[in-house]
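Each remark here refers to the structure printed beneath this line.
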Amino acid sequence: MLYSLTTKYAVIALVELARRSSDRPILVKDLAARKEIPAAFLAKLVPPLVRAGILSSTRGKNGGISFARSPHQTSLADVVRTIEGDNWFRECVFEVSPCDGQLDCPLHSVWDPVRDQIIAFLEQTTIGTVADKLANTKQEA
32 MLYSLTTKYA VIALVELARR SSDRPILVKD LAARKEIPAA FLAKLVPPLV RAGILSSTRG
92 KNGGISFARS PHQTSLADVV RTIEGDNWFR ECVFEVSPCD GQLDCPLHSV WDPVRDQIIA
152 FLEQTTIGTV ADKLANTKQE A
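The numbering of the sequence shown is this note's numbering, which starts it at 32 and goes up by one.
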């Protein structure tokens, strides 16, 4: 249950998008430049995020990407599921091959409670919450 660079880029970009004060769409290349994410890489993340209902995309002169719903309604788990797929939540950190969840595995009692806490954190924490926390932290500094 390690985060891929793809998931990290998606979360970083979404948090930055949430931190913007404007409701107007932003170009992918501009968002990528703000967070030093390769623009082509970020552009490949947009379609799955649009299909998941996290982002909306507008073409044309005033086009770009924006949130399809409030960042406070988009959990980190929503993003992870979109990028990594549902199986990511069931992966075991002690096995290279996918774990089938057999109860006779001696590591389930070790990993399952930790995994469940991580999933709960991801479900309860929203992109908007992270963006707000970053904004408050930078104001205090």
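Backbone N, C-alpha and C fix where the C-beta goes; we use that ideal spot for every residue, glycine too. Nothing here was measured: the structure is a model prediction, and the numbers come from that model.
Pairwise C-alpha distance: residue j and residue i
i    : j    : result
V124 : W142 : 8 Å
A70  : K60  : 5 Å
F72  : R50  : 21 Å
T160 : R121 : 25 Å
R146 : W119 : 11 Å
T157 : G94  : 25 Å
I149 : Q104 : 19 Å
S35  : S97  : 23 Å
L86  : A151 : 23 Å
D109 : V81  : 12 Å
A83  : P137 : 36 Å
V111 : V77  : 14 Å
Exposure of residue i, with buried meaning 16 or more beta-carbon neighbours within 10 Å
i    : result
S106 : buried
P144 : exposed
G116 : exposed
P56  : buried
T168 : exposed
L62  : buried
T113 : buried
Host alpha helix (DSSP H) of residue i (start-end)
i    : result
F152 : 139-155
P114 : The residue asked about is misnamed: residue 114 is Ile in this sequence, not Pro. 107-115 is the extent of the alpha helix (DSSP H) around I114.
F72  : 70-82
I43  : 36-50
L62  : 59-66
Delimiting residues of the beta strand (DSSP E) encompassing residue i
i    : result
L86  : 86-89
F125 : F125 -> no beta strand (DSSP E), and no H or E assigned at all.
G95  : 95-98
Problem set entry | Inter-stretch contact (C-beta, 8 Å, three-pair minimum) for the stretch 71-87 and the stretch 36-50 | Using a C-beta cut-off of 8 Å, the stretch 71-87 makes contact with the stretch 36-50, since at least three inter-stretch Cβ pairs fall below that distance.
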